[in-house]
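If you're matching positions, the sequence shown starts at 0 in numbering that gives the first Met the number 0 and goes up one per residue.
Taking it in order: structure first as structure tokens, then the write-up.
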Amino acid sequence: MASVRPFLSIVAPAFNEQEVLPAFHAELSKLLDQLQHEYDLEVIYVDDGSRDATPAVLHQLAEDDPRVHYVLLSRNFGHQA
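Structure (structure tokens):
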């Protein structure tokens, strides 16, 4: 019987993070690369209505890394909501 690898989802919030997202994702990718033999992996970025280029950065990250998915919220809901 084939063993099933655990699935690991990492969810990260983003709000006006265009400047730091590429560096954050690069560091996160180093860790994910170490775990890829043990887990099926995905990263889900949730953009909370950014007004800068964060959505475009997320789109590019998803284009470059098949593990990346993202959700764009229509406005800033804040972490309290």
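All C-beta atoms in this analysis are idealised placements derived from N, C-alpha and C, irrespective of residue type, glycine included.
Note that this is a predicted model, so its numbers are computed, not measured.
Query raised in the report: Run through DSSP, which three-state label would residue 10 get?
Result: In the sequence shown, the residue the question calls residue 10 occupies position 11. DSSP places residue 10 in strand when its eight states are reduced to three.
Report task. Alpha carbon to alpha carbon, how far is residue 26 from residue 64? Give it in angstroms, no decimals. Result -> Your numbering for residue 64 matches position 65 in the sequence shown. Your numbering for residue 26 matches position 27 in the sequence shown. Straight-line Cα distance between these residues: approximately 13 Å.
Query raised in the report: Under the three-state reduction of DSSP, which class applies to residue 26: helix, strand or coil?
Result: Along the sequence shown, one-based indexing puts residue 26 at 27. In this structure, residue 26 counts as helix in the three-state DSSP scheme.
Query raised in the report: Among all the DSSP beta bridges, which residues are the ones paired with residue 42?
Result: For the purposes of this step, residue 42 is taken as the residue at position 43 of the sequence shown. DSSP lists 9 and 67 as partners of residue 42.
Requested in this report: Compute the beta-carbon to beta-carbon distance between residue 6 and residue 44, rounded to the nearest angstrom, for a pair I have assumed lies under 8 Å.
Outcome: Working through the sequence shown from its first residue, we reach residue 6 at position 7. Working through the sequence shown from its first residue, we reach residue 44 at position 45. The Cβ separation is near 17 Å, so there is no contact.
Query - Sub-7 Å separation of residue 51 and residue 15 beta-carbons - result: Here residue 51 corresponds to residue number 52 of the sequence shown, with the count starting at 1. Here residue 15 corresponds to residue number 16 of the sequence shown, with the count starting at 1. Yes, the Cβ-Cβ distance between residue 51 and residue 15 is below 7 Å.
**Report entry** Nearest neighbour of residue 20, chosen from 35, 48 and 60 [CA to CA]
**Finding:** What you label residue 20 is simply residue 21 of the sequence shown in a count that begins at 1. Answer by Cα proximity: 60.
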